[in-house]
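Peer 1:
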Amino acid sequence: EYISQRLPTALHGCFASQVQQLKDGISSVSVMEEENVIVKAIKDAFAVTDQEFSDHAREQGHKDGSTALLVLLAHGFEALPTQSSVPGCKGGVAKLFVANCGDCRAIVVRGRKARRLTEDHKPERRDETARIQKAGGIVIQDMNTGIFRVARKK
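Using the working numbering, you'd call the opening residue of the sequence shown number -10 and step up by one each time.
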């Protein structure tokens, strides 16, 4: 519940912060630069929310973690002001930004075909174990159940 309430607010704040750093606002940058602003805001929002959640969980004595999946549909890219790929909205092509943290995934279905948009962050994947350890975490496999657990170093 904490994550679902905090992540959207953090994203809004991080995006606003990125835009304020632009000399002439978001409309002054190229499409690629605008995409980079959105991607950085998403990464920053996940980092801020993770830190706040960790602090909150520690204060409350919780040892649980969380997962998050964010899907952002932004429109207004690269098209004439009268065109839109989002019905009811003015301006440009829509782009889908997707981010996940933890054991969750996003898929898109077109017709009868599903396409994975994200990779699950599962500690049983070698590359994910390496990423967790590089970030200072610990991956433990329960010898009885085979279940992997992730912990943070204190």
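Beta carbons: idealized from backbone N, C-alpha and C, even for Gly.
Whole angstroms are fine: how far does the CA of Gly2 sit from the CA of Met21?
Peer 2: Each residue's alpha carbon lies about 21 Å from the other.
Peer 1: Between Ala119 and Ile127, how many whole angstroms is the CB-CB distance? I'm expecting something under 8 Å.
Peer 2: That belief does not hold up - the Cβ atoms of Ala119 and Ile127 are roughly 13 Å apart, past 8 Å.
Peer 1: Locate the alpha helix (DSSP H) running through Ala46, then write down its first and last residues.
Peer 2: 20 to 49
Peer 1: Could you check the C-alpha separation between Thr107 and Arg47 for me, to the nearest Å?
Peer 2: Pairing Thr107 with Arg47, the inter-Cα distance amounts to about 29 Å.
Peer 1: For the alpha helix (DSSP H) that Leu(-4) lies in, which residues bound it at each end?
Peer 2: -9 to 9
Peer 1: Using 8 Å as the Cβ pair cut-off and three pairs as the minimum, do the segment 26 to 35 and the segment -10 to 8 touch?
Peer 2: Contact between the segment 26 to 35 and the segment -10 to 8 is present, because at least three Cβ pairs lie under 8 Å.
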